[in-house]
Structures are given as structure tokens and as C-alpha cells.
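K.L.:
4 protein chains.
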Amino acid sequence: MSRLWDKGEPLDERVLRYTAGEDHNLDARLVRYDVRASIAHAEMLHEQGYLSDEDCRAIVDGLSTLLEQFDAGEWSITLEDEDAHTALENRLTALVGDAGARVHLGRSRNDQVLVALRLFLLDASDAVVASVEGLVASLQGLAAEQGDVELPGTTHMQHAMPSTVGLWCGAYEEAFADGIAGLRASRRRADKNPLGSAAGYGAPGLSIDRESTTRKLGFSETQSPVTAVQLSRGKAESTLLFELALVMQDLGRLASDLMLYYTQEYSYIDLPSTVTTGSSIMPQKRNPDVLELVRGAAGSVLACLNECLMIASKLPSGFQRDLQRVKPPLFRAIDLTIDSVDVMAYLLSGVTFNPDRITMSDELYATGKAYELVAKEGIPFREAYRRIAKQYAES
Amino acid sequence: MSRLWDKGEPLDERVLRYTAGEDHNLDARLVRYDVRASIAHAEMLHEQGYLSDEDCRAIVDGLSTLLEQFDAGEWSITLEDEDAHTALENRLTALVGDAGARVHLGRSRNDQVLVALRLFLLDASDAVVASVEGLVASLQGLAAEQGDVELPGTTHMQHAMPSTVGLWCGAYEEAFADGIAGLRASRRRADKNPLGSAAGYGAPGLSIDRESTTRKLGFSETQSPVTAVQLSRGKAESTLLFELALVMQDLGRLASDLMLYYTQEYSYIDLPSTVTTGSSIMPQKRNPDVLELVRGAAGSVLACLNECLMIASKLPSGFQRDLQRVKPPLFRAIDLTIDSVDVMAYLLSGVTFNPDRITMSDELYATGKAYELVAKEGIPFREAYRRIAKQYAES
Amino acid sequence: MSRLWDKGEPLDERVLRYTAGEDHNLDARLVRYDVRASIAHAEMLHEQGYLSDEDCRAIVDGLSTLLEQFDAGEWSITLEDEDAHTALENRLTALVGDAGARVHLGRSRNDQVLVALRLFLLDASDAVVASVEGLVASLQGLAAEQGDVELPGTTHMQHAMPSTVGLWCGAYEEAFADGIAGLRASRRRADKNPLGSAAGYGAPGLSIDRESTTRKLGFSETQSPVTAVQLSRGKAESTLLFELALVMQDLGRLASDLMLYYTQEYSYIDLPSTVTTGSSIMPQKRNPDVLELVRGAAGSVLACLNECLMIASKLPSGFQRDLQRVKPPLFRAIDLTIDSVDVMAYLLSGVTFNPDRITMSDELYATGKAYELVAKEGIPFREAYRRIAKQYAES
Amino acid sequence: MSRLWDKGEPLDERVLRYTAGEDHNLDARLVRYDVRASIAHAEMLHEQGYLSDEDCRAIVDGLSTLLEQFDAGEWSITLEDEDAHTALENRLTALVGDAGARVHLGRSRNDQVLVALRLFLLDASDAVVASVEGLVASLQGLAAEQGDVELPGTTHMQHAMPSTVGLWCGAYEEAFADGIAGLRASRRRADKNPLGSAAGYGAPGLSIDRESTTRKLGFSETQSPVTAVQLSRGKAESTLLFELALVMQDLGRLASDLMLYYTQEYSYIDLPSTVTTGSSIMPQKRNPDVLELVRGAAGSVLACLNECLMIASKLPSGFQRDLQRVKPPLFRAIDLTIDSVDVMAYLLSGVTFNPDRITMSDELYATGKAYELVAKEGIPFREAYRRIAKQYAES
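Sequence lines, in order, name chains A, B, C and D.
Its first residue numbered 2, the first sequence is counted upward by one per residue in the working numbering.
Its first residue numbered 2, the second sequence is counted upward by one per residue in the working numbering.
Its first residue numbered 2, the third sequence is counted upward by one per residue in the working numbering.
Its first residue numbered 2, the fourth sequence is counted upward by one per residue in the working numbering.
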């Protein structure tokens, strides 16, 4: 945007743009999920006698066609469409006529948004897990090849006790395995079918079979009562975001370690030139920009979690449009996490430790010596500790 | 503190106070957990041949005595003690002599802090669950007694479709049941035994049986490798804090609903005088302060989650003292959540809905009428929608 | 993005994309500022004898031409360019040859980024001020036309004392005037010239006249020493973001008031149909989506402040690439604030209060009656308070 | 609290404790400010003819006596008092009788809380400024004594260009001087007299001279209209908290630098034993705990800012009790900032740089060599850059 806060646009268009927000762009990734859910909904309407065979078939085929066309780039969601759901219903009606106007019976855009988001969340958590598994594999590869290299184990960033590259990798492997377990557990809140709650109060007078869409869409349960659905908005999203924040926290800490190891003073590691960059002014520089950007990304993902939680806070129950604002931080955080994890997995595969530059200082063995004293002389640990401490203080 | 930022204190005392922080107060709730973990550690040392029968018995009995005395208020942790762990070891050595100086073999204050915190977290999540169960019971009681009262269901804070007090209660029951499921799931990260990792690099030269303490303390698994333990600090805490934040989010939203219902304009509900307060200037006022404070508390608990996540972010691996700062927000959030949930359960038991004051406006039935049209005339929903919309626009 | 986390892209391209991030898109708004700063830098180099007359003129004319072409849409920043600064230097060298390769003497991309961002921040705060002034004008218009309408003044969302639409508007006028004062004060941190600090350590051996570029660019001071420049990154940004967060907090509270007033139960106000939207399922609905989205936007802007502060936290001094991540939340927050303020100014101009629907309950006058008692009978206020309270309790 | 979430307490006491919160402890620091404001209010009432000479004198003397007694520890605020304001009014009436019951005419606890908090904020920002000035002096002392020591200047944590301890100190001096300027500017929002706004709607029928209390209390302006006062709650607090967060951000970054310099690999500095601590298990350790705790404290203070902003967000206008929750994070952040700044000033006075251990690598001079080439041969900088880069790549 090089026009600086230009006010040329008519006010009503600005209101439309304000309410639609980025949905017409963001919702591209929801199209396939809305199609799946709409087909399940149509088939259930058919089962319940609200749709004729032909209408149901027209809807199912129409939606499948629209998804193919969308994937082929033949149409996209425009600002005028507002969002994926309106875009699909309008295009469906244009494509198959009358039948399209029948698909919205017994549902609301509110439960449509939710069902699409939840199906998306289930896929998204899988995608993050797949990335993190790649990172764990990268750590395992590093441990397998260079795991025996000795490393000062530190506490307080001070030499503490002897460690190895293998132990260092192992800490992060456990952390990311724990992250994967957390990501999988985060699915629980997304795995509840909202369809049939309509605007949050069901469909009075209609006979909607919520269990049917639950089965068709593979959800673990039907969320009920109907009023629970809208109240829960943002919670499945926050739960995934929290797990992303933890993964990014570990990733940022891994980046911190590597940046330390890459300083001239440590020189523990070399990085391949493919993951370092130069300087516009200093001809000699090879900078670990990737690591810095990963470290910074942890803050960005945590901010997304905050944003999601703040948007839902204090709202009276019943759907509130504020919740539309949850999508941008959700999508941002997922993309940024996957990109960061993948780039780190790639970087790790190129890290080389320099055993020659890593000094295992004498003090790393002090605790071991105290343990030896205990073993040899049978004295209490505290006495051994004091004797060794005295030796070090005098040296 | 009425002395305003007085600088009278000697600098070295201020350094001590700065590094010890609030630990000597906060750690009161960790004493029992440190005792349990220290006994398990001593028994394991005994099994491994590092402690004689008498020494082990002296330690176990000594620690049990110290806990009894602590519970009886006979001693407390002082600033000079720094924390629960030092306080116990020093008092143990004073009480049982030499044996006390042997208990620290093969462990570090770092894994001691962690094991005590994790045992505490497991109890704390149970305590929060118990409170939330009380709240759910309160909601169920309200639904049982007044569930049939009709209520306008709203979206966008606008009359949408007919609802009832029962459906309104049901939404929150589901939300808090989901919260309980989340709290239980949050135990996973606390349920890993850190003992035996010592300062994060194990106990070189000693034969420590980590599985033994895992069994004795009832943990589900032994966290390994040893380097994983310190890297994971703050994550079990954050996971509980996140679930607390979600419970408080729902609680804040419940408070928002009730405050709306309690306005003169709504007058949906009455509150008993035990949960309202007066004004210093306006003689007529009965204010729902409890509800406002609950709504505000949601922000405070969310800030605790933020604090915990920010403290751990970007830190190089290996123990870092920064992590001590996780305890205050953790304890604050647990206490504030339990207090808020309990006060709300109590308040709910006194809420009375006023059916006479609740107007079910005609427009609440518009969707139902559209559904009727569809059923009666077989027209597409979109057409029925447009016809009913026209009726309302003209009225 | 309908390709779901596709990994088709070669890894090195992903590294480039990861490090360049969104800069090639985001930097569009920095082009004009980099041109201004580069011209000032070139003229200073010329004054100091490092650039010939012709080279200086070639650079100045070249940059001006590039800006015109950019504004005309003839070129844009590509991913390969990485950012505005590289794009401009490369295009300048292509356009004017050798002279272009001379412009980078004595500066670094680091101080270039900073100077462009600071010039941008000064304009951005002006743009936000202009929007907020429009909002204040809208509030003043509302007060002028409907200010005499009586309104129950509330505390704790309960009727407290008599108020008016004028007093209600006045509160927000003061709030936004205070916001404008804060926005203006926030310029202080942006109003320091970073140019000449180069990568943060000056230009050893060169004679750079930093005061000259300070004058040319209209900065209030030259930031020194050179090492202070990079350490300050993110602080001018955070300071603006904090003020945006306060403006949005007030705006969100204004939205909360209006949503309350727009409920069926209050019915204090009507909103024009241009700022309300319909429902996909409920034919009768007119929803205040704009207000909800404004309320939600307050959380999004606050998250941007958080993000900015978290990115800079704990970093060792000297430039760190993490700081690149400050731009997205900065730009997002500015745009969202301006859009929200503008849409609210527009909405306010269409608000109509319904005096007929606003009930001034008797209890609003209780405090006034107590004051009357004090005046008439000379009794202490506390006694008057108790007597009036008794009357209300009995009624 | 060693009783684990005991529920023994009667419910009504728990409601009282919940609503009073920590006010009876926190408000100790507000007593002096409430006394000052109450005296100004009483004198104004006297000027306006609402208080007789004797009553006014009784109130003024009574309040002064109560403050002396409070400072002498003769009374404190109890849970039953709820807060400082009630405690003072009750004790005043007990002390001087009838006159005490007259002091509350024309004010509310709401504006009393606000005026006391604002007077406190003005003092608190001064106290923080005084601490930060001490830190700046400490940095200047370090620069004066060891400023000539050479230091590698870094970007991306990589050797970049030559620097010195003096330049390093200078960066932080500028940062903290900027912090002081920010702290002073933050006073603007606290420097508005709220007195006379009462509960937010003035004192109908009374003739209150708000300008008089503004003059007496030294405020720069009278906040008006009366409705603006409660709407502004939390903003002066947030503004101070934001500046504290920036000071702590710089302090945390200073701590990060020093921890890096203190690693065995850097060994740039020594720290005196008074600011380092030992390990419970490793006899040789000297840990920079103070620095770690300062780094962690930055996150805690930022969380306080978040908490304050979240508490006020989305609230309808008019006083809301939620705002009581702003005090704990406000007080916590002020105390933690002052403690952290002071401990850091003390630590800095003991830092010794080791020139012998600091290696100025050859690459630090690459940019200088490129500049020399430009100067000597008149070639464009880009060409010089490429030639020097080639030299380094080959070496």
C-alpha cells in the first residue's frame, strides 16, 4: 500500500470492507472444509426428508464441482462474497438453481463457520505434527552422527557438568516429542460437531439429525446442548495456539543455544552458507539470520495466542462477531510455526560441531569428584562438597 | 509498605532479598511435596547402598517430624533459608545430624524444586477440578429449579431465537465440563519424574535408580534424558495456567451475562444481598461487585499465563534462575481461579430469574416461521427467509 | 492458500522466503521514506566530499525518478529484492550506473531501515491523529444535536445518578483528546536521527556529518552514541503501539456502550441500516457487526503491542534480525486502528437516541435528595445518606 | 498457605474477602495520599460554606493525627475496613465525631481512590526516575574507569566492527536517559484532578469548586467533564507500566549482554562474589543469579502492563469494580522495577572487564579497510566491499 491512508473510498464500501475484513482472502483455506460439511448437511437433510433425491444429488455434485474449480483457480472468494460460505452458497445456487437455495435449511452461517474451522484445525494440527516429526528426525540424525562430541553442560550459562551433543539433542527431542503429544491432545476441543446448532439455538420445528453429520464428518462427538456451540468458539483455536506457542518456545530456545554456539567466542559450531546471510556494509559477515528470525517468531506466535484469548474474553454468550477476528492470528501462527520448524529442521541437518574448539574445563568435573569422595571415604555429600569447593576456591 | 521505596537496607541484604524473592513465603505450600520427594530420594539412596538403614530411617523420620512441626506452625521458612528446600535440609541436619548431610547425594536443588512443583501441580489441578465441579453442580441446580423459564436467545446481543434458562445453563455446564477435561489432560506434563536428573546432567559415577523414585512418587514416567528435565521447566506450569485461563474466560463470560441480566433495563434476575454491595455515596445502590471482580480476574489469570510463557522464552538450555519467577504467577492464578469459581458457585445458588420481566419478543419466532413455511409449502429455505424478512420489515 | 502446507518448494527458496518474510510486501510503504533518507545521505556525502556534483545529482534524480515510477505502479518490490532498501539501491545502480554503487558509503541497511521506519512513524502518528480528530468531531456533532437527551448515569452497570447524552459524549471526547495528546507525545522516540550510526558502530575512518542529515530530514536530534541506535529499535514502535492500544481500548468501550444501548432491552438508540448487517438464517435481524468488530479489534491491537515488546525482549545489544518481525504487527495495528476509528466516526454520525425509550428511574435522584437534606437540615452527609437509604429500602 | 485450598471459611466471609481482595494490604501505601486529598476536599468544602471552621479544623487535624499514627504503626487497615478510604473515614469519625461524618459530602469513594492513586503515581514515577538515575550514574562510572577497553562490536551476535566499553555503556546510558524522559512524560495522564467528579456524575445541587482542590493538590488540570474521570481509570497506570516495561526491557538486555560476557567462553568480565551465588550440588559454581532474575523480571513487568490493559478492556463506561484489580500489578511492577534497577546499579559498580581475554579479531576491521579503499582509490563503496569480501573469503 503506497497510498498512505487514502480516504478516497466511499464510506459504505469501507464499512463492507471493515466487516468482511480479510475473510475473502483467509477463507480460501476453508473452502474444502465447507464443501465437506455442506455435503454432510445436505445428505442429512435428505435422510430427514427435507431434500429430494435430485436436489440432494444436485447439491453434492455442485459442491464437488465448485471445489474442483476452486482448486483449479477458476474462481476465488471476492470481497463482495464476504466469506467462503456465502461464496459457495451463491455459486451453488447459480450452478444448480433452486436446490442450492435449499441447502441452508436448519443451519446458520455460524455453525457453518465453526464446522469448517474445526475440520481445518484437525488437519492443521496434523500438519504441524508432521513438521515437528521432521525436526525430531533432524535432531536424531545430528545425534547419530555427532552425538559423542563432548559439550560443557551448563546451568546459569556457566560450565556445570560434562555433557555431550547427544544429550543436548536428546533434551530437544524429548521437548518436541512432548510438543507432538500436546498437539495431538489439542485435537480434543476441535473434535466436536457443531452442525445443527444453527445460530446457537437449534432449528425449532425441524427434525435435524445431528448424530448423522457427526458420523459423516468423523467427529468424536456431537456438541450439545446447542447453546454450548457458540460459547465454545475460540477455545479449540486457543488450545492449538497454546501448543504452537510451546513448540515455538522450544524452537526459540534451540535457536538461542545455536546462536551462542555460533559466536566467535564459542565457535562450537559451523553453519552452512545456505542458511547464513551477508551484510550490506561488512564484507566479512556470515550471519545466522534464520536463527534470529526463529527466536523472534516465538514472540509472534505467543502474541497470536494472546490475541485469540483476548478476543473471546468478557463477551456475553451467544454468537458475537468479534470472534471472526480469531482467524487471522490462528492462520498466521500455524503458517509461521510450520515454516519455522521446517527451516530449523533443514538448518540442523547442516550443523557441524567443532570438537577442537570446545574446551571441557576442569571445573566441569567437580561434582563427579565430590561423588568419588563420598564413594571412597563414605563421608556425607555435604562434607565432600565443602572439601571440593575449597580446592576450587584455592586454585 | 508505608515506607516509600526506602533505601535504608544494606545493599547485600537487598541482593539476598532480590535473589530469594518471595520464595520463603511462596514455598510454604511446597514443604509437604519436598518432604515426600526427599523421603523417596532417601529410600532410593538406601536401596542403592548409599545410605545405611539407620541413616535412611533418621532421614525419613526427621522429615516426617519436620512436616508435622511445619503444619503445626512451629517453624516457617525465613528469608535466610532462601527456600523450602534449603530450609528442610538445614533443619534436617540440625535434627538428625550427619544423616541429614547425606540426603543431597545425587540430586540438585534444581530437580528438587521441579519434583516438588510437579507434585504440587498434580494436587492443584485436582483442587481446581473439585471447585469447577461445585460450579457445575450449582448450574445444574439452577437449571433444575428454574430451567423452564423462557429466555430470548441472542446473537450479536440481539434477540435471535427462543431459548430457556435451562439451555443457557447447559451451555455453561458443557463449557465447564470441557474445562474439567482440559484440567485433567493438563496433568500429563506434570506427571513426569524429574528426580535423578540432578542439575540437569545426572550424577556421574553414581548409580541412581530413577525408576524407583518414579514408582514411589506415583509418576507415570521418568523424564529422560536427564537434559530434558530443565528444558521442560515452565511447560507443565503453562499448561495448567492455560486451562485456568480458559476456565476464567468462561467464568468471565458468565459474569458478563449475569451483569447484563441484572441491569435495570433487563431486570431478568435478582441477586441476594449477600453477594451485592452498597455505594459510599448513592444510598439506593446494590452493586454486583462479585461479578465485576470475576470478570476482571479473567484478565489477571491470562496475564499469569503470559508471564510464565515470557519468562521461559528465548532462554538457552540448561537451568536458568529466571525460572524461579514462574512460581508467583502460578500460585496467584491457581488461588484466584479457585476463589473465583467458588464465589461464583455460591452466587449462582442465589440467582432468581424473573419470568414476569422477561419479554419474549415476536421477532424471536421469525426463523421458526420460515421453517414452517418450508415445511408447509415445500419452498426453498432462501425463499421462505425472504418472505418472512419482508413481513418483519413492513411491520 | 488452498495448497495445504505443500512442501513442493525447494528448500533454499524456503530459506530465502523465511528470511525475507513479508518484507517485499510490507516495505511498499517505506519506499518514499527510504528515498527521502537516501537523498539526504547522498547530499551529506557530497558536502563531505565523498560524492562528486554529478554523482550526487545522478543519485538524487535517480531516486526521485524511481519513486515516481513506484507510485505509478511501474515497479514493485519482489521477493528477490528482499526489501525496499535493496530494491532501491539495485534499481538506482541499474538506472544511473556507478554513482548508485557509491550511495551506500558510510551507512548500513540497519540504519537505513531505522531511518525509514522513523520517518514513517512520524507520518503514521499524524495519520492516526487525523482520524481520531474526525472521531472527536463526530462525538461533538452528536453532543450538539442530541446532547440534552437524558441518560441514566451508571456505575457497576447499575442506575446511579442522572446524566445526559452530552455528558456521555463528553467523556469520550476527553478520552480521545487525551489519546491525541498521547499520540503526539509518542513522536518523541521516533524523532531521533539514526543515520550515520551505520551497523551500530559508526563509519571508522570516514568523516560523516550526522547533524547534516538530522537537519535535512527534520529530526529533532541526532541519536548518539552510535551504539544507542540499534539498542533503541522497537521502542519508538512500541510507544506508538501503546498509544494505539489505548485509543482502541476507549473505542472498544464506546462500542460496548453502544451495543448495550442497542439491545432490545435498552432500546436507547437506533442505528442506520448502512452500519448493520443481516443474518443468514434469521430474517428479522439487524446486527451491529461493526461495533462487535471494533470491540474485537481492541484485542488485536493490544496483541500487536505485546508482539513488538516480546520480540525485542532479552536480546543482547547490537542489531539482531529478530527485530524485522516488528514491522508486521506495527503496520497491522496502524491500519486496524485507523480503519476502526474511521468506521466508528461514520457510525456515530448515524446514531439516534430515543428519549421515549429511556427511563430515568427514581433511584437516580437518591444522592441529590441526600444532598438536599444536608443543605436543608445541616446534618452530616452520612446521616442524610442513611435516611435516604432507609426510604429506598422500604419502598 | 500450607492449608491446601481449605474450605473451612464461612461463605459470606469468603465473599467479603473476594470483594475486598488485597486492598487492605495494598492500600497501606495510599493512606498518605488519601489524607492529603481528604484535607484538600475538606478545605474546599469549608471555602464553599459546607463545613464550619471547627469542623474543618477537626477534620484536618484528625486526618493528620491518623497519618502520624499510621506511620508509627499504631493502626493498620484490616479486612473489615475493606480499603484505606473506609478505614480513614471510620477512624476519623471515631476520633473527631460528627465532623468526620461530614467529610464525604460531594465526593465518592470512586474519585477518592482515583485521586489517591494519581498522587501516588506521581510520586512513584519520581521514585523510579531516581533509581534509574542511579543506574545511569553507575554506567557512567564504569565508562569513566574502563571505557577505553576495546570490545568487539557485534551484529547478529557476530563480530562486526570495533567498539569499546565506553561505547557499550553509552548505548545503555542513552537508553535509560530515554527511559527517564519517558517516565517523566508518563506523568501527564496522572496529573489531572479527578476530585469533584464523585461517582462520575458530579454532585447535583451542590456547589463544588473543583479548581480549588486542583490548586491545593498541585495538579496541572481539572479533569472534565465529570464523566471523563472514571472512563480514564487505568490509563495513567498503564502509561507508567508501559514505561516500566521499556526500562525493564533495556535492563533485561543489559543482563543478557553481561551474562554472555560472563560465560567461560567469553570471559570478558568478572563479577564480585557479592552478586553471585553458589550451587547446592556443584562445588565450583559462581552463578550470576542476579542477572538471570533481572532478565526474568522484564517478563513479569510486561505481564503487569498486559494485566492492566486487559482489565480495562471492553468495559462499558461508568465505574466498574473490575478496575480494583489494577492495583496489584501496578504496585508489583513498580516495586520490581525499582528493585531490579537498584540491584543492577550495584552489580555494575563491581563489574571488571578483562582486556586480556577480549580478542579483537581481524574481521572487525573489514569495513574500515573498505572505507580506506574508497578513500584511497576513489572507487565506489560497492566495489571496495566486493574486493574486501573476496580477501576474507580467501583467507
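Think of the CB as a built atom: it goes at the ideal place given N, C-alpha and C, for glycine as much as any other residue.
(1) Does the distance from the C-beta atom of D/Gln265 to that of D/Phe320 stay below 7 Å?
(2) Would you mind stating whether D/Ala144 and D/Cys170 have Cβ atoms separated by less than 7 Å?
(3) Which stretch, first to last residue, makes up the beta strand (DSSP E) that contains C/Glu151?
(4) Compute the Euclidean distance between the alpha carbons of C/Leu96 and C/Asp82, then round it to the nearest angstrom.
(5) Residues in its own chain within less than 7 Å of D/Asp251 by CB, not counting five upstream and five downstream?
(6) Given a threshold of 16 other Cβ atoms within 10 Å of its Cβ, counted over all protein chains shown, does B/Arg92 qualify as buried or as exposed?
(7) Take the Cβ of A/Ala237 as the centre, count every other Cβ of all protein chains shown within 10 Å, and call the residue buried at 16 or more, exposed below.
(8) Can you tell me which of B/Ser301, B/Ala85, B/Val375 puts its alpha carbon nearest to the alpha carbon of D/Val309?
(9) Quick one: which residues of the segment 160-178 of chain D get their C-beta closer than 8 Å to a C-beta of chain A? List them in chain order.
(10) Could you say which of B/Val166, B/Leu115, B/Asp62 lies nearest to B/Asp149 if we only look at CA atoms?
(11) Pair every Cβ in the segment 259-273 of chain C with every Cβ in the segment 204-214 of chain D, then say whether three or more of these pairs are closer than 8 Å.
(12) Taking only beta-carbon atoms, is D/Arg103 less than 7 Å away from chain C?
(13) Give the secondary structure of B/His42 by DSSP, where H, G and I count as helix, E and B as strand, and everything else as coil.
(14) Where does the unbroken beta strand (DSSP E) through D/Gln325 begin, and where does it stop?
(15) Which residues bound the alpha helix (DSSP H) around C/Gln231?
(16) Give the range of the alpha helix (DSSP H) segment to which D/His160 is assigned.
(17) How do the segment 240-259 of chain B and the segment 344-354 of chain B stand: do at least 3 beta-carbon pairs fall below 8 Å, yes or no?
(18) Taking the beta carbon of A/Gly235 as the centre, do at least 16 other beta carbons fall within 10 Å, making it buried, or is it exposed?
(19) Does DSSP classify A/Glu69 as helix, strand or coil?
(20) Do we get a CB-CB distance below 7 Å when we pair A/Pro381 with the residues of chain B?
(21) Give me the subset of the segment 341-369 of chain B whose CB atoms are less than 7 Å from a CB atom of chain C, sorted by chain position.
(22) Applying the criterion that 16 or more other CB atoms from any shown protein chain within 10 Å of the CB defines a buried residue, is C/Arg358 buried or exposed?
(23) Going along the segment 240-259 of chain C in order, which residues come within less than 7 Å of chain D, judged by CB to CB distance?
(24) Give me, in chain order, the residues of the same chain whose beta-carbon lies closer than 7 Å to that of A/Val291; leave out the 5 immediate sequence neighbours on both sides.
(25) Please list, in chain order, the chain B residues whose beta carbon lies closer than 7 Å to that of C/Pro273.
(26) Rounding to the nearest angstrom, what Cα-Cα distance links C/Glu55 and C/His42 in this structure?
(27) Quick one: is D/Ala394 buried, meaning 16 or more other Cβ sit within 10 Å of its Cβ, or exposed?
(28) Listing by chain order, which chain G residues have their CB less than 9 Å from the CB of D/Ser301?
(29) Which same chain residues end up closer than 6 Å to B/Met45 when comparing Cβ atoms and leaving out the 5 residues on each side of it in sequence?
(30) Less than 7 Å separating the beta-carbons of C/Leu122 and C/Leu294?
(31) Need the endpoints of the alpha helix (DSSP H) that D/Gly262 sits in, please.
(32) Which of the three DSSP states, helix, strand or coil, is assigned to B/Lys377?
(33) CA-CA distance, A/Thr360 and C/Ser225?
(34) Got a sec? Which residues, its chain only, sit under 7 Å from B/Lys370 by beta carbon, not counting five neighbours each side?
(35) Rounded to a whole number of angstroms, what is the C-alpha to C-alpha distance between D/Pro11 and A/Val327?
(36) Which term fits A/Gln113, buried or exposed, when burial requires 16 or more other beta carbons within 10 angstroms of its beta carbon?
P.N.:
Inspection of the coordinates gives the following:
(1) Here the question's residue 265 of chain D lines up with position 264 in the fourth sequence. Here the question's residue 320 of chain D lines up with position 319 in the fourth sequence. In this structure, D/Phe320 does not lie closer than 7 Å to D/Gln265 by Cβ.
(2) As a first step, residue 144 of chain D must be located in the fourth sequence, where it is residue number 143. As a first step, residue 170 of chain D must be located in the fourth sequence, where it is residue number 169. Yes, Cβ-Cβ distance for D/Ala144 and D/Cys170 is below 7 Å.
(3) In the third sequence, the residue the question calls residue 151 of chain C occupies position 150. Counting along the chain, the beta strand (DSSP E) containing C/Glu151 begins and ends at 151-156.
(4) For this step, residue 96 of chain C is matched to residue 95 along the third sequence. For this step, residue 82 of chain C is matched to residue 81 along the third sequence. Going by the C-alpha atoms only, they are around 16 Å apart.
(5) As a first step, residue 251 of chain D is located in the fourth sequence; it is residue number 250 there, counting from the start. Closer than 7 Å at the Cβ level, and outside the excluded window around D/Asp251, lie Tyr173, Ala176, Phe177, Gly180.
(6) Translated into the one-based positions of the second sequence, residue 92 of chain B becomes position 91. Result: buried.
(7) Locating residue 237 of chain A in the first sequence gives position 236, where the first residue counts as 1. With 16 or more Cβ atoms within 10 Å of its Cβ, A/Ala237 is classed as buried.
(8) Locating residue 309 of chain D in the fourth sequence gives position 308, where the first residue counts as 1. In the sequence as displayed, the identity of residue 309 of chain D is Cys instead of Val. Cα-wise, what sits closest to D/Cys309 is B/Ser301.
(9) His160, Ala161, Met162
(10) Here the question's residue 149 of chain B lines up with position 148 in the second sequence. Ranking the options by Cα distance to B/Asp149, first place goes to B/Val166.
(11) With the cut-off at 8 Å, the segment 259-273 of chain C and the segment 204-214 of chain D do not touch.
(12) Translated into the one-based positions of the fourth sequence, residue 103 of chain D becomes position 102. Chain C, which has a Cβ nearer than 7 Å to the Cβ of D/Arg103, makes this yes.
(13) Counted from its first residue, the second sequence places residue 42 of chain B at position 41. Helix.
(14) In the fourth sequence, the residue the question calls residue 325 of chain D occupies position 324. First-last for D/Gln325: undefined, no H or E at that position.
(15) Along the third sequence, read from residue 1 onward, the residue named residue 231 of chain C stands at position 230. For C/Gln231, the enclosing alpha helix (DSSP H) starts and ends at 227-232.
(16) Looking up residue 160 of chain D in the fourth sequence gives position 159. Careful: D/His160 lies outside any alpha helix (DSSP H), inside the beta strand (DSSP E) at 159-165.
(17) Yes: at least three Cβ pairs fall under 8 Å.
(18) Indexing the first sequence from 1 puts residue 235 of chain A at position 234. Flag for A/Gly235 reads buried.
(19) Within the first sequence, numbered from 1, the residue matching residue 69 of chain A stands at position 68. Three-state DSSP puts A/Glu69 in a helix.
(20) For this step, residue 381 of chain A is matched to residue 380 along the first sequence. Interface residue, yes.
(21) Along the segment 341-369 of chain B, the positions whose C-beta sits under 7 Å from a C-beta of chain C are Ser362, Glu364, Ala367, Thr368, read in chain order.
(22) Along the third sequence, one-based indexing puts residue 358 of chain C at 357. Classification of C/Arg358: exposed, given that the 10 Å Cβ count is below 16.
(23) Within the segment 240-259 of chain C, the residues whose Cβ lies closer than 7 Å to some Cβ of chain D are Phe243, Ala246, Leu247, Gln250, Gly253, Arg254, Ser257, Asp258, listed in chain order.
(24) Residue numbering aside, residue 291 of chain A sits at position 290 when the first sequence is read from its first letter. Excluding sequence neighbours, A/Val291 sits near Val276, Val344, Leu348.
(25) By 1-based counting over the third sequence, the position of residue 273 of chain C is 272. Result: empty, since nearest Cβ-Cβ is about 15 Å, beyond 7 Å.
(26) Here residue 55 of chain C corresponds to residue number 54 of the third sequence, with the count starting at 1. Here residue 42 of chain C corresponds to residue number 41 of the third sequence, with the count starting at 1. Approximately 15 Å, taken between the alpha carbons.
(27) As a first step, residue 394 of chain D must be located in the fourth sequence, where it is residue number 393. Exposed is the label assigned to D/Ala394, since fewer than 16 other Cβ atoms lie within 10 Å of its Cβ.
(28) This model lacks chain G altogether, as its protein chains are A, B, C and D.
(29) Counting from 1 along the second sequence, the entry for residue 45 of chain B is found at position 44. Here the set comprises Asp210, Ser213, Thr214.
(30) Here residue 122 of chain C refers to the residue found at position 121 of the third sequence. Here residue 294 of chain C refers to the residue found at position 293 of the third sequence. Not a contact, by the Cβ cut-off of 7 Å.
(31) Residue mapping note: residue 262 of chain D aligns to position 261 of the fourth sequence, counting from 1. For the record, residue 262 of chain D in the displayed sequence is Tyr; it is not Gly. Looking at the DSSP string, the run of the alpha helix (DSSP H) that includes D/Tyr262 is 236-263.
(32) The residue you call residue 377 of chain B lines up with position 376 of the second sequence. Looking at B/Lys377 - three-state DSSP - the assignment turns out to be helix.
(33) What you label residue 360 of chain A is simply residue 359 of the first sequence in a count that begins at 1. What you label residue 225 of chain C is simply residue 224 of the third sequence in a count that begins at 1. Straight-line measurement puts the Cα of C/Ser225 at about 39 Å from the Cα of A/Thr360.
(34) Position 369 of the second sequence holds residue 370 of chain B. Cβ within range, chain order: Ile389.
(35) Taking the fourth sequence and counting its residues from 1, one reaches residue 11 of chain D at position 10. Taking the first sequence and counting its residues from 1, one reaches residue 327 of chain A at position 326. Taking the straight line joining both Cα atoms gives about 41 Å.
(36) The residue you call residue 113 of chain A lines up with position 112 of the first sequence. So A/Gln113 ends up on the buried side.
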